[in-house]
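A.B. asks: As you go down the protein sequences, you meet chains A and B in turn.
Position 334 of the first sequence, counted from 1, bears residue number 334 in this note's numbering, the numbering being contiguous throughout.
One gets this note's numbering by counting positions in the second sequence from 1 and adding 512 to each.
Number of protein chains: 2
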Amino acid sequence: MSDTGGRRARGGGAARRAERSAVSFETARFIERNIPNFEVLTAEAIEIIEHNAEKVLEEIGVNFVENPAALERWRQAGADVRGERVHIPRGLARKLCSTAPKSFVQHARNPERNVDIGGRNLVLAPVYGPPFVRDADGGRRYATIEDFRNFVKLGYMSKWLHHSGGTVCEPTDIAVNKRHLDMLLAHMTLSDKPYMGSVTAPERAADSVAMSKILFGDDFVDQNTVMTSLVNINSPMTFDGIMMGALEVYAVANQAAIVSPFIVGGAMAPVTVAGTLTQVLAEILAGVSYSQLVRPGAPVIAGAFVTSIDMNSGAPTFGTPEASLITYGAGQLVRRLGLPYRSAGAFCGSKLPDAQAAYESANSLNMGLLAGVNFMLHACGWLEGGLVSSYEKFVMDADQLGALHGLARGVSVDENAQALDAIAEVGPGGHYLGCAHTQANFKSAFWRSDLLDYKPFETWADEGSRDTQALAGERVKKLLADYQAPDLDEGKREALEAFVAKRKEEMPDAFV
Amino acid sequence: MSDTGGRRARGGGAARRAERSAVSFETARFIERNIPNFEVLTAEAIEIIEHNAEKVLEEIGVNFVENPAALERWRQAGADVRGERVHIPRGLARKLCSTAPKSFVQHARNPERNVDIGGRNLVLAPVYGPPFVRDADGGRRYATIEDFRNFVKLGYMSKWLHHSGGTVCEPTDIAVNKRHLDMLLAHMTLSDKPYMGSVTAPERAADSVAMSKILFGDDFVDQNTVMTSLVNINSPMTFDGIMMGALEVYAVANQAAIVSPFIVGGAMAPVTVAGTLTQVLAEILAGVSYSQLVRPGAPVIAGAFVTSIDMNSGAPTFGTPEASLITYGAGQLVRRLGLPYRSAGAFCGSKLPDAQAAYESANSLNMGLLAGVNFMLHACGWLEGGLVSSYEKFVMDADQLGALHGLARGVSVDENAQALDAIAEVGPGGHYLGCAHTQANFKSAFWRSDLLDYKPFETWADEGSRDTQALAGERVKKLLADYQAPDLDEGKREALEAFVAKRKEEMPDAFV
């Protein structure tokens, strides 16, 4: 599962491809960390939380709702099932989790964009789920399929984004039971990065598998993971039939699922960090175990979506220290399970892509890198607590993701990095601008923003005193104007479009 | 040096004082970290960098410019002095540094505001040095003494700021040779938090000591540290006579100095992280050693101001990954010297308190906490590469400092934090909003912003769709309107004012 098959994004093939095709955009390889993880839990704290999580599973149990087959699977595995409540004996869930792969490759239709999920890697994917979009020109409005396609295009053109994501916004102008078809078609045709499948109903998951088979071929999909899909747990400790139905479809097809508690601390979990971590671990253990009951070895990512509630207003809050502590701690617990870890994102509660949005998002992005996250959904574009996909913030966050790549490189101490010749050449009172070492290294030495303003004050003022939102708005327009679709075999495109048309004809529109 | 003398900010005395005095504002105790430091250097990397730094000191040497007394001190200590170049034999500097205290108390005139600098602590101080100020109403303009006083007031009223700082902006309407007097008078009378002394000339440092003796009493200043002052090194490896003259005055008076390389990577240091760390360590070793040659045991903080240059425009850049790696690494090297560490700040290059400013500042603030910084100058208010003190950004950053306090608390696993009763009470499918554990803990469970917007979209829109800068501008006005000076003995105030008046009479105005 962890074989990249020599399909390396930085290889000679990538360079040749870039040369011969004007429609190729540069995409950085997924992050391979050369820095340690930041860990906040002591050995004693880990022992207590792990003990308590097993106690919760055994004594309190978890609910598998409207899903008799799941209850039967649990019964056969040795759990004590009473009604829809599943009590999992101490040790059983951890043992079941052990069949899940430590890491896996998610294949993209362009093999140079394959991602290795797990280990010390970090794969970055865009915002998921907002029903609204916002930009400076049009304000806040319901998202449409045109918006959806625009965000897929922006994701394709974002150098530091490795993944096309899933529901980059909800195309509310398409019937609920059909929009997954248009969303998948957009990811498959407008981008060549890996993508996510539908989870809103088991049959939509089945459509996702069927369309992937058209794109990749039946055999390839049977033998490889080509989708990673988001299966939320209804915290506290409830696994609903629809989400589990989607998980079952994907597990059977050997496609990856993110099993992810959805935590708003104080509402869906206790107000304390240790209490929340206990519940999160119990939920991950139960959910990942269940995927392995469906198909041992099915690829799975252990997730934790973490925010906390503002006790004055009831609103969710983002970029807070409690969420950071939980995210750091959950990383430690997930690594001890030997699973890939999903968490973090460019989270914020702000209504605008302003300073609040950026403080909160930067707090969360840095935390995600340092927490050892392997798959970061919502890495760009998230606004207003996830209600809004913001055009400007998409490119603002996507630019900051470059800084994460730089930080993850860590510190080289090879002879060139030691730079002793440079220090000797320049000497006390000199400057390094023109020295040989600087000339040889300056192009790759520093990460550089493609968006932010580094100009002298006077130049900046002469050019209109633009703030970050204004610069980002201009970048959005330029990217969308420059967009060119990646090559796609015309037969596959026609087959995908035919599949979508046929499925749409088979169903009346539904709006729930 | 590390005795707090029972003067604890959270003690019963603080509570009683708050009750009986309407002019007291709440100030959090300095941060005592309960989380680890983030470390990016391997043992091998540390060994290489430490070896190379000693090689630089011995073979290349450092310059002590226009300072014959310093050269004589070095000669007597065993260095090889050639002209103004001091070659320090391997091992000598590290040995000299060993007499510096591991930590020290900086006393405030209100003992509840004393700070312990060193160990696992983090003391936060405001922006230092900008010649300009900016606010939304008045735009960007030269700073005046009125601005200076306003920033001191804002610092006094900022809960998460432990220190009044130094040159919170340059009062450009006062003669250069006299403005230190007005600045110190403002810190001493408008705030009761600890402050910094002047370093722009040895005689101004002497004035700072003299005024402190009026405020604290001669004996108290002789026996205690009441000032921490910023002594920059002219990187690469140059120690000028004026800065060293100030350092000498403070060391003789047993007052603390921050000995701080001023690094713009690519200009004043090599473009590589390891090369920069080598130079930074060599400069710290030489500078701290020199303070100990002047007076063994003099309190000192080893600093590192780190930014890098944009190789396209020559502008300094902030919040970049390379600066973070250097800051993390320098923390490790300084801790191995057993010294308090100064670095980080709310750094940004943006012209406005916008998203760019916040991304860059949040990157730097988080890095500072995790890097083990003990004294963070520029923790709020910094804008436009340090050219501007921003009113709005001052309160925006100061609010975010609260998040650092929350993160530093780490993870408790006591019985209340484990929350097993709450998980059992709520159970699968329930919610925690009304449970007993939430009711008992919600007030202290989550850090809460005093500035950022958490309101529902409709409420926010009805109230004028304000962005962070607008909210911050309102908060600035409210704080300045609510300001009340802390109590000060009238005799001391008159004596300070008389000292300032007398010193001003003794000197003609100078503007360099």
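Just so it is clear, CB atoms sit at the ideal spot from N, CA and C, and this is done for glycine as well.
Where does A/Gly303 land, buried or exposed, given buried means 16+ other C-beta within 10 angstroms?
C.D. replies: Label assigned to A/Gly303: buried.
A.B. asks: Provide the residue span of the beta strand (DSSP E) that contains B/Ile629, from first to last.
C.D. replies: Element bounds for B/Ile629: 627-630.
A.B. asks: Using a Cβ-Cβ cutoff of less than 6 Å, which residues in the same chain neighbour A/Glu425 once the five nearest sequence positions on both sides are dropped?
C.D. replies: Hits under 6 Å: Cys435.
A.B. asks: Out of curiosity, what's the CA-to-CA distance linking A/Arg94 and A/Ile301?
C.D. replies: Rounded to the nearest angstrom, the two C-alpha atoms are 15 Å apart.
A.B. asks: Any idea if A/Ala22 is buried or exposed, counting beta-carbon neighbours within 10 angstroms, 16 or more meaning buried?
C.D. replies: In this prediction, A/Ala22 scores a pLDDT of 44, lower than 50, which makes its location untrustworthy; the coordinate-derived value is nonetheless stated afterwards. It counts as exposed.
A.B. asks: Tell me, please, whether the CB atom of B/His943 is closer than 8 Å to any CB atom in chain A?
C.D. replies: By this cut-off, B/His943 is an interface position.
A.B. asks: Between B/Met723, B/Ala869, B/Ser836, B/Leu964, which lies nearest to A/Ala315 when the distance is taken from Cα to Cα?
C.D. replies: The residue with the shortest Cα to Cα distance from A/Ala315 is B/Leu964.
A.B. asks: If we cut at 8 Å on Cβ distances, does A/Met522 have a partner in chain B?
C.D. replies: Residue 522 of chain A falls outside the range modelled here, since chain A spans only 1 to 512, and no answer is possible.
A.B. asks: What did DSSP end up calling A/Val23 once you bin it into helix, strand or coil?
C.D. replies: For A/Val23, the predicted structure reports a pLDDT of 46, less than 50, and the residue's modelled location is therefore unreliable. A value from the coordinates is still provided. In this structure, A/Val23 counts as coil in the three-state DSSP scheme.
A.B. asks: Would you kindly work out how many angstroms separate the C-alpha atoms of A/Arg503 and A/Arg134, rounded to a whole number?
C.D. replies: Near 31 Å, if we compare the C-alpha coordinates of A/Arg134 and A/Arg503.
A.B. asks: Give the single residue among A/Thr317, A/Ala108, A/Thr307, A/Arg120 whose Cα lies nearest to the Cα of A/Ser350.
C.D. replies: The shortest C-alpha separation from A/Ser350 is found at A/Thr317.
A.B. asks: Taking DSSP as the reference, what is the three-state secondary structure of A/Trp460?
C.D. replies: Helix, per DSSP.
A.B. asks: To the nearest whole angstrom, what separates the beta carbons of B/Val598 and B/Thr790, a pair I think is in contact under 8 Å?
C.D. replies: The pair is not a contact, with the Cβ atoms about 17 Å apart (cut-off 8 Å).
A.B. asks: Checking contacts by CB at 8 Å: is A/Leu352 closer than that to chain B?
C.D. replies: Interface residue, yes.
A.B. asks: To the nearest angstrom, how far is it from the Cα of B/Ala984 to the Cα of B/Ile770?
C.D. replies: Taking the straight line joining both Cα atoms gives about 31 Å.
A.B. asks: Use the C-beta contact count for A/Lys193: other C-beta atoms within 10 angstroms, 16 or more gives buried, fewer gives exposed.
C.D. replies: Answer is buried; the Cβ neighbour count reaches 16.
A.B. asks: When the distance is taken between beta carbons, is B/Ile561 closer than 8 Å to B/Ala798?
C.D. replies: No, the pair does not count as a contact, with Cβ atoms beyond the cut-off.
A.B. asks: Are the stretch 349-364 of chain A and the stretch 143-153 of chain A touching, with three or more C-beta to C-beta distances below 8 Å?
C.D. replies: At 8 Å Cβ cutoff, the stretches do not touch.
A.B. asks: Can you tell me whether A/Trp74 is helix, strand or coil according to DSSP?
C.D. replies: Helix.
A.B. asks: For B/Glu904 and A/Glu392, I'd like the C-alpha separation in whole angstroms.
C.D. replies: Approximately 23 Å between the Cα atoms of the pair.
A.B. asks: Would you verify that the beta carbon of A/Phe347 is, or is not, closer than 8 Å to some beta carbon of chain B?
C.D. replies: Judged by the 8 Å Cβ criterion, A/Phe347 is not in contact with chain B.
A.B. asks: Report all residues from its chain with a CB closer than 8 Å to the CB of A/Val209; omit the five preceding and five following residues, and keep chain order.
C.D. replies: Correct list, in chain order: Gly197, Val221, Met227, Val249, Tyr250, Ala253, Gln255.
A.B. asks: Relative to the C-alpha of B/Lys955, which candidate in A/Gly166, A/Met311, A/Trp382, A/Gly331 has its C-alpha closest?
C.D. replies: Checking every option, the nearest Cα to that of B/Lys955 belongs to A/Met311.
A.B. asks: Using only alpha-carbon positions, find the residue among A/Phe38, A/Ala100, A/Asp462 that is nearest to A/Leu293.
C.D. replies: Answer by Cα proximity: A/Ala100.
A.B. asks: Report the residue from A/Asp397, A/Tyr328, A/Met211 whose alpha carbon sits nearest the alpha carbon of B/Tyr472.
C.D. replies: This structure cannot speak to residue 472 of chain B, because chain B is shown only from 513 to 1024.
A.B. asks: Which class does B/Met708 belong to by DSSP, given the choice of helix, strand or coil?
C.D. replies: Reduced to three states, the DSSP call for B/Met708 is coil.
A.B. asks: Taking the C-alpha atoms as reference points, what is the distance between B/Val577 and A/Gly372?
C.D. replies: Taking the straight line from one Cα to the other gives about 47 Å.
A.B. asks: Label B/Thr684 either buried or exposed according to how many other C-beta atoms from any shown protein chain fall within 10 Å of its C-beta, with 16 as the threshold for buried.
C.D. replies: B/Thr684 is buried by the Cβ-count criterion.
A.B. asks: Could you compute how far the alpha carbon of A/Leu333 sits from the alpha carbon of A/Tyr341?
C.D. replies: C-alpha separation (whole angstroms): 10 Å.
A.B. asks: Who are the Cβ neighbours of A/Thr238 in its own chain at under 8 Å, not counting the five residues just before and after it?
C.D. replies: Hits under 8 Å: Val62, Asn63, Val65.
A.B. asks: Quick check on the DSSP output: the beta strand (DSSP E) that includes B/Asp647 runs from which residue to which?
C.D. replies: Looking at the DSSP string, the run of the beta strand (DSSP E) that includes B/Asp647 is 644-647.
A.B. asks: Just to confirm my understanding: we take B/Ala620, look at its own chain, exclude 5 residues before and 5 after, and list those with CB closer than 7 Å. What are they?
C.D. replies: The answer, listed in chain order, is Asn626, Asp704, Lys705, Pro706.
A.B. asks: Rounded to whole angstroms, what's the CA-CA distance from B/Pro865 to B/Glu658? Just pull it up for me.
C.D. replies: Computed Cα separation, rounded: 21 Å.
A.B. asks: Let me know the secondary structure DSSP gives A/Tyr156 once reduced to three states.
C.D. replies: Residue state, collapsed to three classes: helix.
A.B. asks: Put B/Asp866 into one of helix, strand or coil per three-state DSSP.
C.D. replies: Note: B/Asp866 maps to coil in three-state DSSP.
A.B. asks: Per the DSSP calculation, B/Gln618 is bridged to which residue(s)?
C.D. replies: Paired residue(s): B/Val627, B/Thr737.
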